[in-house]
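When we follow the numbering used here, the leftmost residue of the sequence shown carries the number 187, and every step to the right adds one. For each residue, glycine too, the CB sits at the ideal point set by N, CA and C.
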Amino acid sequence: SSCDELAAIAGDYTTASGNITTAMLWVENNELTIAEGTYVDVCEYLFNWGDIEIENKGSLVQRQDSKLTNFGNFKVYRVGQHDQFKYNIWSSPVKKNEHLETIFPNTNPCDMFVFDSEAQAWKYDYELGHQTTCNGNPVTFGITDIIPGGDGEMNRGTGYFVPGPQSSASIVREFNGTVNNGKISVTVTTTKNGDNIA
């Protein structure tokens with residue numbers, strides 16, 4: 187396959203037998219599984235009316251900005267550290283997420299940090315007043331605990347520090363939604379905190 191060809195997935199298909207490179211990929215009301223260690227490289231247009239699952243260490247490469255039409259769903263699976271004392275740095279591969287506590291079950295919610303550049307501090311991306319339990323203790327997040335616009339969903343292009351689960355639960359993280367595509371802009375803030383003299 188190459189960037190001069192078109193590919194249409196009209197039945198359930200897995201890339202376990204090899205990679206795909208195509209100018210346009212059309213996925214009908216079926217399932218395309220991008221298997222571990224394989225990739226699908228879309229040179230121009232991607233139309234999805236089905237389900238595209240990207241297994242851990244599988245890759246979907248989109249070469250063009252804003253040429254994704256999605257009426258289906260993407261599921262992206264990734265594996266991180268399986269140790270509650272070691273942090274993973276996560277960034278969401280999809281535009282819409284479930285709540286952080288759904289994506290990272292059996293993980294202490296008080297150990298899920300994101301950097302607030304304006305305050306130059308590690309904080310939480312939860313809703314104001316969000317209530318949870320951290321190490322058996324009830325916690326309510328206040329205005330000084332959360333980032334501006336905190337909503338419990340991962341922001342695109344932003345790194346989250348999340349440790350492994352506290353139990354022997356699965357370390358596979360599942361992200362559901364439309365995959366991120368194109369340029370992602372993140373506001374960078376300079377302050378006079380610390381050694382920054384801006």
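As the crow flies, the alpha-carbon of Arg342 is around 22 Å from that of Thr330.
Excluding residues up to 5 positions away in sequence, Ile195, Ala196, Gly197, Asp198, Tyr199, Gly236 and Asp237 lie with their Cβ nearer than 8 Å to the Cβ of Asn216 in the same chain.
Leu232 and Gly328 have their alpha carbons spaced roughly 42 Å apart. Membership of Thr373 in any beta strand (DSSP E) is not indicated, and neither H nor E is assigned to it by DSSP. By the C-beta density criterion, Thr288 is exposed, having fewer than 16 other C-beta atoms within 10 angstroms. Around Gln250, the same chain offers Glu230 as residues with beta carbons nearer than 6 Å, after the five sequence neighbours per side are excluded. Around the beta carbon of Phe271, fewer than 16 other beta carbons sit within 10 angstroms, so the residue counts as exposed. Thr201 has its alpha-carbon roughly 15 Å from the corresponding atom of Ser188. The beta carbon of Gln267 sits closer than 8 Å to the beta carbons of Tyr273, Asn274, Pro349, Gly350 and Ile357 from its chain, once the five residues preceding and following it are set aside; these are given in chain order. Between Thr318 and His285, the alpha-carbon positions lie close to 12 Å from each other.
Nearest neighbour of Ile370 by Cα position, chosen from Phe347, Phe361, Ser277 and Ile240, turns out to be Ser277. Rounded to whole angstroms, Leu254 and Thr219 show a C-alpha spacing of 18 Å. A residue is called buried once 16 or more other Cβ atoms fall within 10 Å of its Cβ, and Thr293 is buried on that count. Residue pairing for Tyr346: DSSP places it in a beta bridge opposite Trp276 and Val300.
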